[in-house]
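In the numbering used here, the protein residues as written are 1000 to 1212.
As structure tokens, this is what we get:
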């Protein structure tokens, strides 16, 4: 009996020791997990504090913008109210006076003003009429003593008339039209083309003068 009791005691002792060791390991494992979870919880708490601060800043921005706009819009009705209060008082003092005929005179004067303005508007086109490009090119050629290329004529007209858009291609086309009408002469020097004013119109003018003499 004593031997059996000793064996049972040793078995229970070994089992209890193993259980204690297993329990200690579980406590250590759970403690490590708790520490890790506490770190994660603290990180989440810090993130939440940052996010709450950002949310409050975003919510406060529109309110600050509205508060900066409200004083300007709220200040508008005040002068209107002052005008409304001033108008009845001014009307009470102005009742004895009658100023109705004055607007009629001004109304009668409006047609004359409109007629004068329309006349002036109609007269403006005559004063603001500009010479055509053909006239400008013909006049430029008559002033030159040497042949000029289309590019040179376009550059000269562009400087003389900066308010007009003078393009070399348009000038060249116009010059060819003058050549076709015998109002300009074309000459070539190598690959370049030059233009001069024709002397035919001058001769035609001199002939009637001689016939009259």
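Quick reminder that beta carbons are idealized off the backbone N, C-alpha and C, glycines included.
Could you tell me whether the Cβ atoms of residue 1195 and residue 1146 are closer together than 8 angstroms?
-> Contact flag set, yes.
Between which two residues does the alpha helix (DSSP H) containing residue 1150 stretch?
-> First-last of the alpha helix (DSSP H) with residue 1150: 1149-1159.
Buried or exposed (CB count within 10 angstroms, at least 16 for buried), residue 1149 = Buried, by the Cβ-count rule.
Can you tell me which of 1137, 1160 and 1164 puts its alpha carbon nearest to the alpha carbon of residue 1175?
-> Measuring from the Cα of residue 1175, the nearest candidate turns out to be 1137.
Taking the alpha helix (DSSP H) that residue 1170 falls in, what are its first and last residues?
-> Per DSSP, residue 1170 belongs to the alpha helix (DSSP H) from 1167-1179.
Compute the Euclidean distance between the alpha carbons of residue 1053 and residue 1044, then round it to the nearest angstrom.
-> If you take the alpha carbons of residue 1053 and residue 1044, they lie about 14 angstroms apart.
For residue 1300, name the three-state secondary structure that DSSP assigns.
-> No statement about residue 1300 is possible, as the shown extent of the chain runs from 1000 to 1212 and does not include it.
Output yes if chain D places a C-beta closer than 8 angstroms to the C-beta of residue 1149; else output no.
-> No chain D appears in this structure, which consists of one protein chain only.
Given that a residue counts as buried once 16 or more other Cβ atoms are within 10 Å of its Cβ, and exposed if not, what is residue 1173?
-> Residue 1173 is buried by the Cβ-count criterion.
Are residue 1169 and residue 1132 close, meaning C-beta to C-beta below 8 angstroms?
-> It is a contact, given that the beta carbons lie within the stated cut-off.
Three-state secondary structure (DSSP) of residue 1009 = Reduced to three states, the DSSP call for residue 1009 is helix.
Check whether the Cβ atoms of residue 1178 and residue 1184 sit closer than 8 angstroms, and answer yes or no.
-> Remark: C-beta atoms of residue 1178 and residue 1184 approach each other more closely than 8 angstroms.
Run the CB neighbour count on residue 1135, radius 10 Å, all protein chains shown included, and call it buried at 16 or more, exposed below.
-> The C-beta of residue 1135 has 16 or more other C-beta atoms within 10 Å across all chains shown, which makes the residue buried.
Does the Cβ-Cβ distance between residue 1167 and residue 1155 come in under 8 angstroms?
-> Between residue 1167 and residue 1155, the CB-CB gap reaches or exceeds 8 angstroms.
On a CA-only basis, which of 1144, 1151 and 1161 is nearest residue 1129? Give me that one, please.
-> Ranking the options by Cα distance to residue 1129, first place goes to 1161.
Host beta strand (DSSP E) of residue 1163 (start-end) = Here residue 1163 belongs to no beta strand (DSSP E), and DSSP marks it neither H nor E.
Is residue 1165 buried or exposed, if buried means 16 or more other CB atoms sit within 10 Å of its CB?
-> Residue 1165 is buried by the Cβ-count criterion.
Taking the alpha-carbon positions, what's the residue 1030 to residue 1019 distance?
-> So the two alpha carbons sit approximately 16 angstroms from each other.
Residue span of the alpha helix (DSSP H) that contains residue 1131, given as start and end = Careful: residue 1131 lies outside any alpha helix (DSSP H) and carries neither H nor E.
Please list, in chain order, all residues of the same chain as residue 1151 whose beta carbon is under 6 angstroms from its beta carbon, the five residues on each side excluded.
-> Taken in chain order, the list of residues that qualify is empty.
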